[in-house]
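Working notes, structure below.
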Amino acid sequence: MKEYTGWLFDLYAHPEKGLVVWLVGEDGRPYRFHQDFEITFYVGGPVPRLRELWTFLRTREKVKLVRTTREDLFDGPQDLMEVRVPGPFKYQRLFKQTRECFPDLIYYDVDIPLSLRFMAARNVFLMAHCKVAAQPDGNLIDITALDVPEELDPQLPQLRKLALSPDREPSSKTPPRYLLAKYGGFSVRAPLDKPRELLALLNGILSAYDPDVIQTRFGDTWLFPLLEELSRQTGTPFHPNRDQSVPVLRRGEVTFFNYGRAHYRGPQVHLRGRWHIDVENCMTYGAYGLLGAIEQTRITGVPLQEMARRSPGAGVAAMQSLTALRRKVLIPYQHQKGEIRKTYAQLVRADRGGLILQPPIGIFANVAVLDFTSMMASIMIEFNVSPETVGAEDEAAFEIPELGIKIGSQPGLMPQTLKPMRDKRLAIKRLLKSLDKKDPRYRSCRHRYKPVMDGLKWLTVVAYGRLGFANSTFGRINAHEVVSYLSRKVILQAKAIAEDRGFTVLHLYVDSLFVSRPDASAEDFQTLADEIERETHLPIELQKIYPWFAFLGTRDNPNISVANRFYALSADGEHKIRGIALRRSDTPRFVANTQTQILNILAKEPDPARLAGLLPEALAVAREQLSLLKKREVPLEELVVSQTLSRELSEYSHFSAVASAARQLQLRGKSPRMGQRIRFIYTGPGTAHAWDLPVAPDPRTVDLTRYREMILRAVYEVLHPLGMTEKMLRDWLFGGASYVMSVGELGSSDPTKLALPLFNDIKYLHVDSL
Amino acid sequence: MGRTLPSATQIVLDELDELRSFYDALRRSDQLILDKFFEDVLQHRAAIANATNLLPIEVMPFVMLLEAYKKNDRAFGQLHAEMQGLARAIETFASKR
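First to last, the sequence lines map onto chains G and H.
So the numbering used here is basically just the index in the first sequence, starting at one, shifted up by 48.
So the numbering used here is basically just the index in the second sequence, starting at one, shifted up by 189.
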């Protein structure tokens, strides 16, 4: 027997070896182990049917059957049949047959990922620093974790990375010509039209450098399918797995709706013994990168190649299952708990989300943003909200009379699952905040911890949604409603505390308060945050103090505000911007750049009363950009609009610009799917030219009027809280009007308007002062 | 997930839509005033939706009163400041004489 130490890197079912486990050793070398791993599931139902199942399974090879009692999260102890199957491969076949023959029985613990079963059985976790004892043939005897997932600063291996990307996007007008490979300080450009040389190069890198991680752009949808095809055509073997005894794992493409938006996930290529991450085919990976994904894997138990591509919801579901396995609670198969009955009045009170107020429109001085940290997760933890505790009737239950519901006192599955993660995120957040930004260690700490914090943030955010998600194994809409209800109560409590301390609460947005007081110092805002935390028992952070904050109105009516359209600019560049053109993914780069340039001008002025003095500079930028557009000097790439196809192309009755562009691609043999982003250029009213067609659009056909309007709207969007009207801006930019204007023209001169009448402070706007 | 009940904005817009026949029968000058009231109502839509024990139409007049009060208060404040300024100017003028 030999011992190894390293990190639990990968594990999967093997047709002959049972379970294969990969360790990245402390010496940097990969080690492969295997183990016979029994899979257990449970079946409930009428006794005669269970007896029939017993007879059916008894004939199957090496299956062990035991009568047992297990705990159902909602219904308490259940008499069940325990079925133990030797090996994951046999289990998949056997369960399929069982389910087909006995569809009427109730199944538990059947669709649990193998990694979770292993982690629960061996008390380890993926990417754990661990010690392995194994026989010389690789048979794993024992594995012990040397750290815990909650470790604030875990020791991680130095992974060898190979980055592969085409020299241009595969969907672009001219197909890629080279594959760029970066590894271990080397950079290679391999021509794609020499397949033998290309495959020889990649095989050489894989065997000599032996990367742990292959990070690609378009690896799932283009590169690996292409390499496989080239390998077939040339007869040159190519096997990107580290484990050559099993094939590459492939998953099909999917389209789905999430929060009302169509999403598309392309086909996937998963490797065995090493990771493949296609950054173009991931949902949230871009927000936190490899470090954040490793953190998510450590916390959730979902293998990294899965976790990087899937939504964080899958991670939360896995965490719930892992907690259930460790608590020896049954995990139901396609079985949900129904809604607890409520009256119509209770429905009206309960069926609502977090509280969002409408802020006043205008610019406000000295505004601080206070954020409850992981508010929904913290509420679940603090109030023990979990699908099984909501509606419980024990004596110590906490009652919410408005909703006619009680929350039980027995520790809930959800709080137990979330607490370690929430605590870790909070600790990292507070650690980063405690460091002085001028401290040379700040950058390295931020670089180290920010991805971890962001990876955890996504998990805590979706945990709340999962409570009310219809397909969630442990979901229950009542629990979701209770969390929403408590969040509204808590934020209103925080508002009252702030107002008692003389602050003006400008805005509330679910878990954030925007407060101002002209004379308040940083200490005053921090004291307020501390008091709110003390009173509500939920962690809250003073996010930042801005010298001024602009809240914007709707496009149709500038007197009606929008909750999530605002900007606050800070001299250090850490702006807070939501809902304006430059944040929207469908805004062309040229328009976004124009808006950014104007915001950069405004950011120079900390005194809101003097902002209007910067208008001439801002307008000069807008004029310059319009002039470039008029002279057709803007590169076409900067005018590209990117929009999501919200339904399948065949379902469009009216062809909008995006649908028209998608149709052009379809005629060229491409197959745009719902959820995919389509890039195009506006070429006329209701018409567009798909950017990914082989032929570039004629620059003379670009719809200048449309882009001119987009520039105008983008400029107006950021200037209107200063008192600018659209007519005034239009006159100034397109009509050649001067700054001379009667006071009556100014929206902000209306004494009933809440916005600061900033224009009153600049002389050249007043006819009478000239 | 999806909710059974309409959003705060939808609740208020539906209520305003209910007033359409009343609105249409008003003179243009009155409609413009009502438009201002509706703006005020929309500015408080979250608070209206938060009052789940009341019908939105019951809360909407309070919102209009609230905003009217604020506007009056602001106008009185400005008038008062103007009057004080005038009084000071008269005092200065009188003292110079």
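For each residue, glycine too, the CB sits at the ideal point set by N, CA and C.
Residues near residue i by beta carbon distance below 8 Å, same chain, minus five either side
i      : result
G:A425 : L466, M469, R470, T508, A511 and Y512
G:V750 : R680, L684, L687, I729, Y730 and T731
G:G792 : With a pLDDT of 41 at G:G792, under the threshold of 50, the predicted position of this residue should be treated as unreliable, though the coordinate-derived value follows. Nothing meets the Cβ criterion.
G:R298 : P315, Q316, V317 and H318
G:R397 : E450, L451 and Y533
G:T642 : V669, A670, Q673, I759, A762 and V763
Distance between residue j and residue i (C-alpha atoms, nearest Å)
i      : j      : result
H:A278 : H:K225 : 36 Å
G:A61  : G:H324 : 18 Å
G:R473 : G:A570 : 24 Å
G:R290 : G:L240 : 24 Å
G:Q574 : G:A416 : 10 Å
G:P351 : G:T88  : 21 Å
G:M175 : G:N605 : 53 Å
G:A310 : G:R725 : 10 Å
H:E247 : H:M253 : 11 Å
G:G361 : G:R147 : 27 Å
G:I404 : G:V558 : 6 Å
G:S796 : G:E672 : Confidence at G:S796 is low in this model, with a pLDDT of 41, below 50, so the placement of that residue should be treated as unreliable; the coordinate-derived value is given next. When rounded, the distance between both Cα atoms is 27 Å.
G:G402 : G:D740 : 41 Å
G:E130 : G:L105 : 11 Å
G:I608 : G:H555 : 14 Å
G:F614 : G:A335 : 22 Å
H:D206 : H:Q199 : 10 Å
Chain-order list of residues whose beta-carbon lies under 6 Å from that of residue i (same chain, five-residue window excluded)
i      : result
G:N612 : R626 and G627
G:I588 : L418, F420, A577, I580 and E581
G:I411 : W596, A598, P656, P769 and L804
G:L777 : Y764
G:A193 : V172, A176 and C178
G:L378 : R118, D120 and Y156
G:R754 : Y730
G:A616 : Y594, F597 and K624
Cross-strand partners of residue i (DSSP beta bridge)
i      : result
G:T53  : G:K179
G:H311 : G:F304
G:W323 : G:V261
G:H623 : Answer by DSSP bridge pairing: none, since G:H623 is not bridged.
G:M129 : G:V91 and G:R115
G:D190 : G:A181
G:P134 : G:E86
G:Y821 : No answer is possible for residue 821 of chain G: the residues shown for chain G start at 49 and end at 818.
G:W102 : DSSP lists no partner for G:W102.
G:V415 : G:S564 and G:Y594
G:V68  : G:Y60 and G:H82
G:T735 : G:G732
G:P380 : G:Y156
Contacts that residue i makes with chain H (C-beta to C-beta distance below 8 Å)
i      : result
G:L403 : A235 and N239
G:S609 : Q232
G:Q406 : L231, Q232, H233, R234 and A235
Nearest-angstrom beta carbon gap, residue j and residue i [assumed within contact, 8 Å]
i      : j      : result
G:P285 : G:S279 : 6 Å
G:V111 : G:Y155 : 15 Å between Cβ atoms; not a contact.
G:A182 : G:K50  : 6 Å
G:V538 : G:A546 : With a Cβ gap of about 13 Å, G:V538 and G:A546 do not count as contacting.
G:G54  : G:V68  : Wrong, their Cβ atoms sit about 15 Å apart, outside the cutoff.
G:L200 : G:A475 : 6 Å
G:R132 : G:E86  : 5 Å
G:Y497 : G:L479 : 7 Å
Contact set between residue i and chain H, taken where Cβ atoms lie within less than 7 Å
i      : result
G:R397 : T241
G:N605 : E228
Same chain, Cβ closer than 7 Å to residue i, neighbours up to 5 away in sequence not counted
i      : result
G:A365 : R514, S520 and T521
G:A527 : V433, S434, P435, V438 and L515
G:E447 : K454
G:A640 : A629 and L630
G:E64  : none
G:Q267 : The sequence shown places Gly at residue 267 of chain G, not Gln. Around G:G267: L212, V317, H324 and D326.
G:T371 : L461, Q464 and T465
G:Y381 : Y155, Y156, V158 and D159
Any residues in the stretch 191-217 of chain H with a beta carbon nearer than 8 Å to a beta carbon of chain C? Which ones, in chain order? You won't find chain C in this structure, because its protein chains are G and H.
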